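Just so you know, UniProt numbering puts the end of the sequence shown at 95, numbered straight through with nothing missing.
Even glycine gets a Cβ: it sits at the ideal position worked out from N, Cα and C.
Computed from a predicted model, the values in this text were never measured in an experiment.
To start, the structure under review is shown below, and the notes come after it.
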Amino acid sequence: MYFVYILQSQKDQSDYASITVDAEKRLLFNNAGYQRYTKAKIPWQIVRLEQFNNKREALIREREIKKKKSKRYIEWLIDCQNRGVVPTAVGAPGL
């Protein structure tokens, strides 16, 4: 199993998306300051987690999220998760 996760900095509300096989371990890694990009914005929390059967699917989804370059899109994804709604292209902002 692979996961695409979105972290949100509690320091400045910025977001960081990536893939992993262990989301909790990855969160600890980022909050320990081992990741150069995330180090300055500690602490982080996981705000979205999507599960995939293989690395290829996870990488495609990660690229899709990063390609949007949209805080609004990420906020919409997080809101969908919080409400238990499956995100669809129909309701996505900017589409």
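Residue state for Ala58 is assigned as helix, using DSSP reduced to three classes. Assignment of beta-bridge partners to Ile6 by DSSP yields Ala17, Arg48. In terms of Cα proximity to Tyr2, the closest of Glu50, Arg63, Glu75 is Glu50. By the C-beta criterion, the stretch 67–86 is judged not to be in contact with the stretch 33–43, since fewer than 3 inter-stretch pairs fall below 8 angstroms.
Within 10 angstroms of the beta-carbon of Lys67 lie fewer than 16 other beta-carbons, which makes it exposed. Ranked by Cα distance from Ala17, the first of Asn53, Val85, Ile46, Phe52 is Ile46. In this structure, Asp15 lies near Lys71, with their beta-carbon atoms less than 9 angstroms apart.
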